[in-house]
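Residue numbers (the working numbering), protein chains in the order written: chain A, 29 to 175; chain B, 158 to 484; chain C, 22 to 361; chain D, 34 to 308. Every residue gets a Cβ at the ideal spot worked out from N, C-alpha and C, and that includes glycine. None of the values given here were measured: they were computed from a predicted structure. The structure appears below as structure tokens.
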Amino acid sequence: MQVRNEPWKPLIVAFCCNWCSYAGADLAGTNRLNYPADVKIIRVPCSCRVNPLFILRAFQRGADGVIVCGCHPGDCHYTSGNYYARRRMTLLFSMLDYLGIEKGRTRVEWVSAAEGQKFAETMNSFVETIVSLGENKRLEDLRCKTE
Amino acid sequence: MQDRMIARAKELLENGTVDRVMGWKKGEFIYDVTPAVFYTADELEKDFVMNAFTAANVSKYLIAETKKPGRILAFLKPCDSYSFRQLMNEHRVDRDNVYIVGIPSWGKADMEKIRALGITGITDITEKDGDLLVTTVMRETHAVKKYDVYLEKCKNCKSKRIVVYDELLDGENGEDVPNNRFDEVAKIEAMPPDERFAFWRGELSRCIRCNACRNVCPACSCEKCVFDNPKSGVENKAPADDFEENLFHIIRAYHVAGRCTDCGECSRVCPQHIPLHLLNRKFIKDMNELYGDYQAGETEQVRHPVTNYRDDDAEPGIVYTRGGSGR
Amino acid sequence: MKRVNRSKLGDLFAKIAEAEALYLPVDAPEGARYEKWAPGKKLSNATNTVRSAKDFFFPQTERLYDVKRSGKTLEIEPPETETESFVLFGVRACDVRSFKILDSVFLADPVDTFYKNRRERATVVALACDRPEETCFCGAFGIDAAAPEGDVSAWFEGDFLYLKAQSEKGEALLAKLGDLLEDADEKDVETQQMRTRWMLSALPLGKVSFEGMKKTDLMDHFKNEKWRSLSEACLGCGTCTFVCPTCQCYDVKEFDDGRKIRKFRCWDSCMYSDFTLMAHGNSRNSQLERFRQRFMHKLVYHPNNHDGEFGCVGCGRCLQKCPIGMNIVKVEKALEATHE
Amino acid sequence: MNNDVLIPRVGVVTDIRTDTPDVKTFRVIAPGGGKVFEHIPGQCAMLSLPGAGEGMFSITSSPTNREFMEFSIKKCGCLTTALHEMEPGQQVGIRGPYGNGFPVDTAFKGKDMLFIAGGIGLAPLRSVINYCRDKRADYGKVEIVYGARSMDDLVDYREILDEWMTDEGVAVHLTIDRPQEGWDGHVGFVPTYVKELGFDTNMTAVICGPPIMIKFTLAGLTDLGFDKTQVYTTMELRMKCGVGKCGRCNIGDKYVCKDGPVFRCDQLENMPDEY
Chain A
29 MQVRNEPWKP
39 LIVAFCCNWC
49 SYAGADLAGT
59 NRLNYPADVK
69 IIRVPCSCRV
79 NPLFILRAFQ
89 RGADGVIVCG
99 CHPGDCHYTS
109 GNYYARRRMT
119 LLFSMLDYLG
129 IEKGRTRVEW
139 VSAAEGQKFA
149 ETMNSFVETI
159 VSLGENKRLE
169 DLRCKTE
Chain B
158 MQDRMIARAK
168 ELLENGTVDR
178 VMGWKKGEFI
188 YDVTPAVFYT
198 ADELEKDFVM
208 NAFTAANVSK
218 YLIAETKKPG
228 RILAFLKPCD
238 SYSFRQLMNE
248 HRVDRDNVYI
258 VGIPSWGKAD
268 MEKIRALGIT
278 GITDITEKDG
288 DLLVTTVMRE
298 THAVKKYDVY
308 LEKCKNCKSK
318 RIVVYDELLD
328 GENGEDVPNN
338 RFDEVAKIEA
348 MPPDERFAFW
358 RGELSRCIRC
368 NACRNVCPAC
378 SCEKCVFDNP
388 KSGVENKAPA
398 DDFEENLFHI
408 IRAYHVAGRC
418 TDCGECSRVC
428 PQHIPLHLLN
438 RKFIKDMNEL
448 YGDYQAGETE
458 QVRHPVTNYR
468 DDDAEPGIVY
478 TRGGSGR
Chain C
22 MKRVNRSKLG
32 DLFAKIAEAE
42 ALYLPVDAPE
52 GARYEKWAPG
62 KKLSNATNTV
72 RSAKDFFFPQ
82 TERLYDVKRS
92 GKTLEIEPPE
102 TETESFVLFG
112 VRACDVRSFK
122 ILDSVFLADP
132 VDTFYKNRRE
142 RATVVALACD
152 RPEETCFCGA
162 FGIDAAAPEG
172 DVSAWFEGDF
182 LYLKAQSEKG
192 EALLAKLGDL
202 LEDADEKDVE
212 TQQMRTRWML
222 SALPLGKVSF
232 EGMKKTDLMD
242 HFKNEKWRSL
252 SEACLGCGTC
262 TFVCPTCQCY
272 DVKEFDDGRK
282 IRKFRCWDSC
292 MYSDFTLMAH
302 GNSRNSQLER
312 FRQRFMHKLV
322 YHPNNHDGEF
332 GCVGCGRCLQ
342 KCPIGMNIVK
352 VEKALEATHE
Chain D
34 MNNDVLIPRV
44 GVVTDIRTDT
54 PDVKTFRVIA
64 PGGGKVFEHI
74 PGQCAMLSLP
84 GAGEGMFSIT
94 SSPTNREFME
104 FSIKKCGCLT
114 TALHEMEPGQ
124 QVGIRGPYGN
134 GFPVDTAFKG
144 KDMLFIAGGI
154 GLAPLRSVIN
164 YCRDKRADYG
174 KVEIVYGARS
184 MDDLVDYREI
194 LDEWMTDEGV
204 AVHLTIDRPQ
214 EGWDGHVGFV
224 PTYVKELGFD
234 TNMTAVICGP
244 PIMIKFTLAG
254 LTDLGFDKTQ
264 VYTTMELRMK
274 CGVGKCGRCN
284 IGDKYVCKDG
294 PVFRCDQLEN
304 MPDEY
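Structure, rendered in structure tokens:
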């Protein structure tokens, strides 16, 4: 949660699938790969657990960017969860874009348990994008941003 | 057509096919018609109405009505029949408990648009050859072209085809209608993001959260809406922040995506004239473009694009590269 | 009685806006709505606004207080009291009367200080109607649309806007407008008044009366069989409630912003299923009961508690906006027909 | 600074007593000691815990108690669960008193009193019972019929045994719904027990309990020869404001928060049964 009188630092929420991406994040950690501390990871059982409401609520509570990470298509622990997630997120992101909310604030990446490097790179590049976009102003809840 | 409908309803009541009739009831004026259930021939004679203003989609009422004992006669317009078909696919209505007479619809008028013409003190409206003759207290008569005051849903009608019925009042079915219903969506997509954002703020900031769009929507048939559930964390009754206006409408449109038949009731009932159909049509347009043409309620197909997938679906990143400009 | 030439309307608004915030109906995508006046904004010609003027005294949401919980202690912080005074221009007679009905609830002991504060800071310039709608039935409640109550009454006639102070606040406002105004004769608006009154009586709802409701007692109205068919199609939305100038039921809710709890109040609707929902049950389980509550409140309970004054002003908004075409006039006629 | 009636004051919970598996009694004082406000028996207060909501509860202690107020609260929803999870020392929001209260200084004065309660329904009556006990000279004899599902569900059991039952001129009749080991008292529902006991029809009766119990007890008393004007009850409905403005706790044209919660049973006859 940001408080207005402090200088802005991006807040990134990453929903990570338990079986691939979360393990990928773990691997990034054990391999001492750097990625910004601004990324807050929320572990989910599968990328398809991510309800569009989760994304919007993350923005409400002060997130500047939200990324969903899951197993590579075809590798879902539950066979097809990430295929559903793919459609859902595509439609949601398209709707957010339609409402004039910056496209770059949302992203989906497939990161496997072996891709610690990719996880760190993905987070670095996502944070970079968010920093260039600046503070989330279009999907914010002012009540959560004032003292 | 009203007389033929009453006559047919009376026959079906008399021969025991049905024990009651779902229709529209006369009001104080020509336009304030109310969906109603009729039990007797007398009631039908006295109050049953079918005119340029009987726009209300009665399909949603059939969720409750088909759970009651007996069989109900429902007159369904083409757009209503899509909603009903979709509700059948979702197992929300009991098809056996309803006898459907499909009726043609040549477009319904929007009283708000008549008022917007600046006509006040209306004492009477009559229909004549597809036109409306509006008489005022100052004894002026205005001839209004019905096409000019069509409801949005009629102006961009997608189909005159009745997709589910036991009989057709006219004996023959209508056909799909070429339409431009996605043009306005495309127009918004083509705006620069700042303009799009300003456009939607202007529209959604008018929301008073009366829930009319939700409660009238045949696809919004949850027993308890997430926005009414205090335990959901997103329950709210009034938009206390811009965010809540966005949240409600995005989630509502999303939740009916794939099930919305584009019946246009949400925009018809919005007291604040928010073009809610533009949100639903955006989803429909996206699904058509990305996952192949799909019309909810048209067939028996139960799995719609949001509850389905293909291995080679586009990656979400397509949103970054496709349509619109901006960041 | 004073008057000002229509061509000087902009100057008049500018003069008012110099000292106080000025709100007036302007054209908008939904019809007409109240907006804060700024140079260039034009007064709408619409008979009435979509949302009523109650918003100014009883806004859809307002903060009651913030509360912080740290460990076992609570820190309660009430909001700052608003101090800006304002002028509401162009309120129709029905909406002006609605303030009186809201007063009878919010100013009754114990006084609602949020409401009272706003009422005290407002000067209401009421505008007489000259083009009533078919949905108007203010006459049924003894409201004269051609001679509205308010701090200042106003009429548009010919090339002029006529203004007449009706209270001290109104006098003060006209005094401030000083040399913009010229003296005028009350006779100048009489023809218009007669025409408006005639139009209202000749419109379809011109003869509607609610007095018959009082001949039957509460329980008979309550038990009336007609409620079933009247409420049958009700969607349970809040449209009628939210556009109504006299609906004043509210909910007190909380928002957790992560650091503190914000208690706020917002409009509520008796048409909603959770209106009376408690942990162990609901005293109004069906839409019939909820629908009945709304109309009983306006037509029976309110008059019983407030010297016979109905909780309706005949503005006609619910007649125009109900998604299924149900409204208070139909209810009244159905109930009265039962007891004839 | 704004001091609207809707803005609560802070109260401190100093003591929490577990009465039954789902009822706790909370003792509340002002942060500086003493009571937050004065009340009359039968009145209520709005208690709030930020994040959990606000609700109307009867003040169960007697106003003759000068040091603190008590609330007996049954766990049944979101707010009450949060209240049950509190620990002593916790501060709560409190505003009131609300409602009309019992006519202890008018209609009740000098009368023989019959109190009939079921389950948590004892909570609103405890205030007036203790008031009558503390002002013994102002009232005639006091009879109390109290029932619950089981022995464990009897609220204030210790107080009943140690104080009420030992008081002179106070008779207590307890009953539980089903037989239970360790219980040698009466078994059966309250309405039937009341009829079995039979009471002098000169008494003034006060009933509180679940709606169904109130209904049958009232019928029982009428059978015994009581007039409805001699019988009082206290009601509860969904409330938000407590001051007759938010519009939801009405029964007909009466607001429970303002015109009630105490009603004489003859008044209820002309009120819709929306409770």
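Taking CB atoms only, residue 345(C) has a neighbour in chain B less than 7 Å away. Considering only beta carbons, the part of the stretch 83–94 of chain A lying closer than 9 Å to chain C consists of 89 and 90, in chain order. In the three-state DSSP reduction, residue 323(C) falls in the helix class (H, G or I).
Excluding the 5 residues flanking it on each side, residue 172(A) has same chain C-beta neighbours closer than 6 Å at 89 and 90, in chain order. Unbroken beta strand (DSSP E) runs of no fewer than 3 residues, entirely contained in the stretch 139–181 of chain C, are found at 143–148 and 173–178, following chain order. Chain-ordered, the chain D residues with CB closer than 7 Å to the CB of residue 135(C) read 37.
In the three-state reduction of the DSSP assignment, residue 100(A) falls in the coil class. Contact note: residue 116(D) does not reach chain C at a C-beta cutoff of 7 Å; the least C-beta distance is about 12 Å. Contacts with chain A (Cβ-Cβ distance below 8 Å) from the stretch 283–312 of chain C involve 283, listed in chain order. Membership of residue 49(C) in any alpha helix (DSSP H) is not indicated; the residue belongs instead to the beta strand (DSSP E) covering 42–49. In this structure residue 191(B) is buried. Its beta-carbon is surrounded by 16 or more other beta-carbon atoms within 10 angstroms. In the three-state reduction of the DSSP assignment, residue 400(B) falls in the helix class, which pools H, G and I. For residue 283(D), the secondary structure class from DSSP, reduced to helix, strand or coil, is strand. Within the stretch 83–95 of chain C, the residues whose Cβ lies closer than 7 Å to some Cβ of chain D are 85, 86, 88, 90, 93, 94 and 95, listed in chain order. Within the model, the alpha-carbon separation for residue 271(D) versus residue 301(D) is close to 18 Å.
In the displayed model, residue 88(A) falls within a helix according to three-state DSSP. The three-state secondary structure of residue 28(C), taken from DSSP, is helix.
Ranking 256(C), 229(C), 35(C) and 154(C) by CA distance to the CA of residue 352(C) puts 229(C) first. With its beta carbon less than 7 Å from one in chain D, residue 270(C) belongs to the interface. Contact annotation: residue 336(B) and residue 315(B) have beta-carbon atoms nearer than 7 Å. By the beta-carbon neighbour count (other beta carbons within 10 angstroms, threshold 16), residue 319(B) is buried. Cβ contact annotation for residue 273(C) (same chain, cutoff 6 Å, sequence separation greater than five): 286, in chain order. For a cut-off of 8 Å, the C-beta gap from residue 36(C) to residue 226(C) is around 38 Å, too long to register as a contact. The beta carbons of residue 163(B) and residue 201(B) sit closer together than 7 Å. According to the DSSP assignment, residue 42(A) belongs to the beta strand (DSSP E) that extends over 40–45. Straight through space, the alpha carbons of residue 30(C) and residue 184(C) are spaced by roughly 12 Å. With a contact defined as Cβ atoms closer than 8 Å, residue 349(C) and residue 296(C) miss out at about 19 Å. At least one CB of chain B lies nearer than 7 Å to the CB of residue 259(C). Nearest to residue 132(D) by alpha-carbon distance, out of 231(D), 238(D) and 293(D), is 293(D). Cα atoms of residue 450(B) and residue 409(B): separation of roughly 22 Å, rounded to the nearest angstrom. The three-state reading of DSSP puts residue 287(C) in strand, counting E and B together. Counting the other Cβ atoms within 10 Å of the Cβ of residue 181(B) gives 16 or more, which makes it buried.
Shortest Cα-Cα distance from residue 94(D) to any of 82(D), 81(D), 110(D) and 75(D) involves 75(D). Cβ contact annotation for residue 281(B) (same chain, cutoff 6 Å, sequence separation greater than five): 292, in chain order. Uninterrupted alpha helix (DSSP H) stretches at least 4 residues long and entirely within the stretch 193–281 of chain B occur at 198–204, 218–222, 235–246 and 268–273, given in chain order. With a threshold of 7 Å between beta carbons, residue 278(C) makes contact with chain A.
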